[in-house]
């Protein structure tokens, strides 16, 4: 029976917040500025390594700065998340999962279990790639490819990880771990809105993403009559309206789609735009549904282009398939949740990517969510009641208890 | 009776095309690259000054490079347009009006009329401002303001006009001229589509232009449900659809409106856009209609923002009022057109701005259009049948005949 210490857990969480804490005098609350490989990020990882050592775990940095706290046992579960933040991030995104993992492994050791390891992956927030550190660790992203990635401020990944070179040891083989369990804030509104305490993640949604370009006829905005225009922005607007209508019969309340980037050419007040390039991204936990949406997108784009005497270019589609959580872990979490907060938890998909996506290439994975106040994340205002944080920790500990030290 | 020489007119027009002629080997046809103050532009103006002198006119450059060919008479009409082009322009836009004016003044002198002056305004195409040369000449744009304008390639107007400093004399007072008549290609499809030879312009349409910004809530594109989003792009799309519907009862086939520039913030595939700033421009020849459209735009933007829990910022409105052509000049042109091409001409508005807009601050103005093949302009492919060019010249000469040398 793992008996966690809520005070020690919260104290560690607050201490981690102090690395890169945004100036609270400026109304930034518990906000944190601790992007991957920044001085505060490296300092936080050094402190975390010390806390792991104090807990009886062997701290270990791999070549890209992923920090492991390794158990003595040859094989066991890995618990954790990431401790880097967005450029303007909250105090819980990633940090919660790392400190929860640390507290559970620490408490488990006190109860005689020496099989639980802890991790803080590097650059989950994607200064360079997408969940960069765990992507490289899992073999999803080759290191030489990663080294040539560049951050928005112009630093190469190779140069960034060099800043932690004095700490770096060899790679930790994923095969060493029997499973991965990650606690995280929901970053969405569902739990908070329903007054629920815990979300048991069943799948991390899949993502499809493509850039679509309508090509019409650039023209003088004064002399070209409306009826004779082949206005690429108008094609985009018609496409946007048509897919919303056609998606209605296909989607669930969890399905999302987004046009987040638009570039008109030539982009002048007095010129009918001849070209509109825009991003189309859609997410769902069901691969079939993603494919049905893709069909609608392709057909609608073609129809609209044809009807307007225009052409459309559908760019290469980025595809990340949904990742199912391991049924054994899901059920252990569900049973623990029902015991701790009966009727006040739900099974749900994760709309965001997490390190668990990459870990799933090698082992059974699971995730537990706690509520995000107002659904806000990636913002200084991100927060969760401390009672909910502790409850999440206790549910996770109980799930780890149920799973036991054996093979999953 | 002014008797123009079609061959001399066409020869001059082709000679002017040779200054900055785009490489015809690259399929650019009669295309021209002769932006204001470029070497080809200055060379073309030196050649034009020579042709004016040969025609018995006194060539005169003002401080910004507007080139006048001045008649002997104290007072008389001014004919012309501009000889600078778009970065990738056609051979007729502006050039036609300058050479037509030159031919008519030249032919008139041979017939004993010495009252007609000619002009090629500078930077009508707006490397710097909007119809820059005639705007400064007319007092619409103060010279010190113009000097601080910068071209897209980073040159200041002050530096650009310095390149013609060796040619520059003093200003030519607009009060010297009794009226202004400008022949131009239509740059739209109406005449070409109807098989008509001449358009008698009754008004240059007014323009309203503002930047509108919807502000919603920037959010994670994976974890934010569709129903909870305050997506600024979706507000823009809804606005675009709603104004088109509401305009339907207000507009004429000549009314136009354009969203030519869109900027989403932060403009990322994975982020629900929290801000959408876009250009809204509308044009019509009736001030009341422009105002009714403005009311619809403001009301619709407010309604859409309110309904979506967002805010909207309506930027400063640029307003250029419609400019009516002088009735005396319109009727002289109409009578000349009806005589030359009975039933094959129309009265029409100009959807584009022209130098005549600025001249109208000081004198009665008129404009004559000839067809643009396919309505194409501001493009290498811009063209007009030479028979139509000559017919336009003859109608303009006949109109100048009817107006006579006296006060308008």
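Residue numbers (full-length UniProt numbering), protein chains in the order written: chain W, 1 to 408; chain Z, 1 to 408.
C-beta atoms are modelled at their ideal positions from N, C-alpha and C, and glycine is treated no differently.
{"Check": "CB contact check: residue 313/W to chain Z, cutoff 8 Å", "Outcome": "no"}
{"Check": "Whole-Å CB distance - residue 65/W paired with residue 352/Z, under 8 Å assumed", "Outcome": "About 59 Å; that fails the 8 Å criterion."}
{"Check": "Cutoff 8 Å: residue 274/Z Cβ touching any chain W Cβ", "Outcome": "no"}
{"Check": "Members of the region 248 to 264 of chain W that neighbour chain Z once the beta carbon cut-off is set at 9 Å", "Outcome": "251, 253, 254, 255, 256, 257, 258, 259, 260, 261, 262, 263 and 264"}
{"Check": "Span separating the alpha-carbon of residue 132/W from that of residue 153/Z", "Outcome": "39 Å"}
{"Check": "Status (buried if at least 16 other CB within 10 Å, exposed otherwise) for residue 23/W", "Outcome": "exposed"}
{"Check": "When 170/W, 314/W, 145/W and 166/W are compared against residue 158/W, the one with the closest alpha-carbon", "Outcome": "145/W"}
{"Check": "Residue-chain proximity (residue 206/W, chain Z), Cβ-Cβ < 8 Å", "Outcome": "no"}
{"Check": "Proximal chain Z residues relative to residue 377/W, where beta-carbon distance stays under 8 Å", "Outcome": "220 and 223"}
{"Check": "Chain-ordered chain W contacts of residue 283/Z [CB-CB under 7 Å]", "Outcome": "222"}
{"Check": "Inter-stretch contact at 8 Å, needing at least 3 Cβ pairs: the region 102 to 117 of chain Z / the region 48 to 67 of chain Z", "Outcome": "yes"}
{"Check": "Any C-beta of chain Z under 8 Å from that of residue 226/W", "Outcome": "yes"}
{"Check": "Other residues of its chain near residue 113/W: CB distance less than 8 Å, five sequence neighbours each side excluded", "Outcome": "2 and 405"}
{"Check": "Pairwise C-alpha distance: residue 235/W and residue 308/W", "Outcome": "8 Å"}
{"Check": "Nearest to residue 183/W (by Cα), restricted to the options 372/W, 380/W, 376/W and 408/W", "Outcome": "372/W"}
{"Check": "Alpha-carbon to alpha-carbon, residue 156/W and residue 11/W", "Outcome": "35 Å"}
{"Check": "C-beta neighbour in chain W for residue 388/Z, strict 8 Å", "Outcome": "no"}
{"Check": "Short Cβ contact (8 Å threshold) for residue 168/Z with residue 63/Z", "Outcome": "yes"}
{"Check": "Close-in-space but distant-in-sequence residues of the same chain around residue 261/W (CB under 7 Å, 5 per side omitted)", "Outcome": "278 and 279"}
{"Check": "Nearest-angstrom Cα separation, counted from residue 313/Z out to residue 245/W", "Outcome": "29 Å"}
{"Check": "Top-ranked residue by Cα proximity to residue 56/Z, from 204/Z, 25/Z and 118/Z", "Outcome": "118/Z"}
{"Check": "Buried/exposed call for residue 107/Z, threshold 16 Cβ in 10 Å", "Outcome": "buried"}
{"Check": "Which listed residue (84/Z, 398/Z, 215/Z and 217/Z) has its alpha carbon closest to that of residue 134/Z", "Outcome": "84/Z"}
{"Check": "Proximity below 8 Å, CB of residue 300/W to CB of residue 259/W", "Outcome": "no"}
{"Check": "Alpha helix (DSSP H) segment containing residue 203/Z, residue limits", "Outcome": "Segment 198 to 204 is the beta strand (DSSP E) holding residue 203/Z; no alpha helix (DSSP H) there."}
{"Check": "Beta bridge counterpart(s) of residue 220/Z as assigned by DSSP", "Outcome": "271/Z"}
{"Check": "Burial state of residue 96/W, where buried means 16 or more other Cβ atoms lie within 10 Å", "Outcome": "buried"}
{"Check": "Euclidean distance between Cα positions of residue 363/Z and residue 121/Z", "Outcome": "16 Å"}
{"Check": "Distance between residue 275/Z and residue 267/Z (C-alpha atoms, nearest Å)", "Outcome": "9 Å"}
{"Check": "Where residue 300/W sits in the DSSP three-state scheme", "Outcome": "helix"}
{"Check": "Contacts of residue 270/Z in chain W (Cβ-Cβ under 7 Å)", "Outcome": "260 and 281"}
{"Check": "Neighbour flag for residue 241/W against chain Z, beta carbons, 8 Å", "Outcome": "yes"}
{"Check": "Same chain, Cβ closer than 7 Å to residue 304/W, five either side skipped, listed in chain order", "Outcome": "235, 238, 239 and 242"}
{"Check": "Whether residue 205/Z touches residue 285/Z by CB criterion (8 Å)", "Outcome": "yes"}
{"Check": "Amino acids of chain Z, ordered along the chain, whose beta-carbon sits closer than 7 Å to that of residue 209/W", "Outcome": "269"}
{"Check": "Nonlocal neighbours in the same chain, by C-beta distance under 7 Å from residue 4/Z, ignoring five residues either side", "Outcome": "103, 104, 107, 393, 394 and 397"}
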